[in-house]
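**Q** Every letter in the sequence shown is one number past the one before it in our numbering, and letter 5, counting from 1, is 5.
No residue lacks a Cβ here, since even glycine has one placed at the ideal position from N, Cα and C.
Below is one structure. I have some questions about it.
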Amino acid sequence: MSLWRTMRGWFVRSPNLPKLGPIMDETQLGIESSVPPIEPPDTPSWLKIALDKVGVREISGKDNNPDIVAFHAAVDGQGLADEIPWCASFVNWALQQAELPGTRSRLARSFLTYGKHCEPTLGCIVVLRRGEPWQGHVGFYLGQRDDFVLLYGGNQSNSVRTSSYRKENVLDYRWPAIETWLATKGIV
Numbered sequence: 001m002s003l004w005r006t007m008r009g010w011f012v013r014s015p016n017l018p019k020l021g022p023i024m025d026e027t028q029l030g031i032e033s034s035v036p037p038i039e040p041p042d043t044p045s046w047l048k049i050a051l052d053k054v055g056v057r058e059i060s061g062k063d064n065n066p067d068i069v070a071f072h073a074a075v076d077g078q079g080l081a082d083e084i085p086w087c088a089s090f091v092n093w094a095l096q097q098a099e100l101p102g103t104r105s106r107l108a109r110s111f112l113t114y115g116k117h118c119e120p121t122l123g124c125i126v127v128l129r130r131g132e133p134w135q136g137h138v139g140f141y142l143g144q145r146d147d148f149v150l151l152y153g154g155n156q157s158n159s160v161r162t163s164s165y166r167k168e169n170v171l172d173y174r175w176p177a178i179e180t181w182l183a184t185k186g187i188v
């Protein structure tokens, strides 16, 4: 039994693969020599900051997680309880830590007018429909699989984590208007 790694990074196990080994190696060498390497996209600064908070979760009862209180404080300076919906507070906090403006709103759908529309891109902000027309969910795009988007965000099962959501619930993909912000700072 042999274990082989495919070009897409998958692992395949089969008793017949040793016979194909030299052919696969030659094919891979030909592909690698004719195609320039593709660099993975840079991870946006706000996503790197957000990723450092994986696993932060609500505390049951009257105690509050100080990280979640800080996420709420990033919106308007009020550190609210960790049981108050906080997905938009988390996104605002991550943007603020990256020295970018957010929406300064606790409503997920406030991000529908934030920045500019973009195609699904690592780290872009994804706004989802949920419940009533004013409700929603928001987080950072990590990828997609079949009919689902992978979203990294806060208040996903009461914690900061990656979850999958149906694509049909995506309202928009948004990218911070960095150029506008730089202009207000006199940088461009």
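Where does Arg166 land, buried or exposed, given buried means 16+ other C-beta within 10 angstroms?
**A** exposed
**Q** Could you work out which residue in Ala98, Glu132 and Trp93 is closest to Arg109 when comparing CA atoms only?
**A** Arg109 has its Cα closest to that of Glu132, out of Ala98, Glu132 and Trp93.
**Q** If you count every other CB in all the chains shown that lies within 10 Å of the CB of Met89, and 16 or more means buried, which is it?
**A** It should be pointed out that residue 89 corresponds to Ser in this sequence rather than to Met. Buried, because 16 or more other Cβ atoms sit within 10 Å of the Cβ of Ser89.
**Q** Whose CA, out of Glu58, Ile178, Gln96 and His137, lies closest to the CA of Ala74?
**A** The residue with the shortest Cα to Cα distance from Ala74 is Gln96.
**Q** Enumerate, from N- to C-terminal direction, the unbroken beta strand (DSSP E) stretches of 3 or more residues contained entirely within the stretch 49-99.
**A** As far as the stretch 49-99 is concerned, it has no whole beta strand (DSSP E) run of at least 3 residues.
**Q** Can you grab the Cα-Cα spacing for the pair Glu119 / Tyr173, in whole Å?
**A** 6 Å
**Q** Expressed to the nearest angstrom, what Euclidean distance is found between the alpha-carbon atoms of Asp67 and Asp146?
**A** 33 Å
**Q** Under 8 Å: do the stretch 143-159 and the stretch 53-60 share three or more Cβ pairs, one atom per stretch?
**A** Because the criterion of three Cβ pairs below 8 Å is met, the stretch 143-159 and the stretch 53-60 touch.
**Q** For Leu151, does the three-state DSSP call read helix, strand or coil?
**A** strand
**Q** Kindly indicate which residue of Ile49, Asn169 and Val69 has the alpha-carbon position closest to the one of Gln209.
**A** Residue 209 cannot be examined here, being either before or after the span of the chain that is shown, 1 to 188.
**Q** Can you give me the C-alpha to C-alpha distance between Trp46 and Glu83, rounded to a whole angstrom?
**A** The straight-line gap from Cα to Cα measures roughly 24 Å.
**Q** Hey, could you find the ends of the beta strand (DSSP E) Thr162 is sitting in?
**A** Ser159 to Arg166
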